[in-house]
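**Student:** Going by our numbering, the sequence shown opens with residue 123, and the numbers climb by one from there.
We treat Cβ as the ideally placed atom computed from N, Cα and C, and that holds for glycine.
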Amino acid sequence: MSAAEAKLAELGLRLPEVVPPLAAYQPAVQSGVYVYTAGQLPMVEGKLPVTGKVGAEVTAEEAKDLARICALNALAAVKSVAGDLDRIACVVKVVGFVASASDFTGQPGVINGASELLAEVLGDKGVHARSAVGVAVLPLDAPVEVEVQVELTGA
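1) Based on Cα-Cα distance, which residue from LYS247, LEU262, VAL220 lies nearest to THR181?
2) Threshold first: 3 residues or longer. Then list the beta strand (DSSP E) segments lying entirely within the stretch 174-258, N to C.
3) Are at least three pairs of beta-carbons, each pair with one atom in the stretch 141-149 and one in the stretch 125-133, less than 8 angstroms apart?
4) So PRO149 packs on ALA199, CB below 8 angstroms; how close in whole Å?
5) Based on Cα-Cα distance, which residue from ALA254, ARG209, GLY235 lies nearest to GLN152?
6) Identify the residues that DSSP records as bridge partners of THR159: which are they?
7) Per the DSSP calculation, GLY169 is bridged to which residue(s)?
8) Keeping to the same chain, check which residues put their C-beta closer than 7 angstroms to that of MET165; ignore five residues upstream and five downstream.
9) Counting Cβ pairs closer than 8 angstroms, one from the stretch 174-192 and one from the stretch 255-269, do we hit at least three?
10) Which residues in the same chain have their Cβ closer than 7 angstroms to the Cβ of GLU184, if we skip the five residues on either side of it in sequence?
11) Does VAL255 pass the burial test, meaning 16 or more other C-beta atoms within 10 Å, or should it be called exposed?
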């Protein structure tokens, strides 16, 4: 078990199976020392636990929890390409999309769910640059979607 997966276990979490693509793309692709994930929805066992707009049908706190799930799914996608999460030298960037009610402006707080999980699991290697973007709608009416870029060690 990698140190990152041991930390997940300590947090009461485990890496899920990689979420199968919903269309014509790969969950993650490696280019040189970088791995780019596709946008990860908060799928749990093949289903979205909640749908709708944040600030309307979904609370900001619920959405923050969903962003954590997205980050967990992103780590699974990274591992599927890198082979071992301990190869992560650093998380370079996170982009989070929040399906938002027209008056909702708390996107950064929602995406903190993903950022905080990455820092909890990877320590300083999980600290990253980030964008948190409000959008009208996401695939399958998901409230949140997160994509991650990581740099790998040469090992």
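**Tutor:** In short:
1) Taking the first residue of the sequence shown as 1, we reach residue 181 at position 59. For the residues LYS247, LEU262, VAL220, the minimum Cα distance to THR181 belongs to VAL220.
2) 210-221, 251-257
3) For the pair of segments examined, the stretch 141-149 was found not to touch the stretch 125-133: the number of CB pairs separated by less than 8 angstroms stays below three.
4) What you label residue 149 is simply residue 27 of the sequence shown in a count that begins at 1. What you label residue 199 is simply residue 77 of the sequence shown in a count that begins at 1. With a Cβ gap of about 4 angstroms, PRO149 and ALA199 count as contacting.
5) On the sequence shown, position 30 is the one that residue 152 refers to. Of the listed residues, the one whose Cα sits closest to GLN152 is ARG209.
6) One-based indexing of the sequence shown puts residue 159 at position 37. Per DSSP, ALA150.
7) In the sequence shown, residue 169 corresponds to position 47, counting from 1. According to the sequence shown, residue 169 is Lys rather than Gly. According to DSSP, which records beta bridges pairwise, LYS169 is partnered with VAL166.
8) By one-based count along the sequence shown, residue 165 stands at place 43. Closer than 7 angstroms at Cβ, skipping near neighbours: VAL141, ASN195.
9) yes
10) Counting from one through the sequence shown, the residue named residue 184 turns up at place 62. Excluding sequence neighbours, GLU184 sits near VAL172.
11) The residue labelled residue 255 in the question sits at position 133 within the sequence shown. Exposed.
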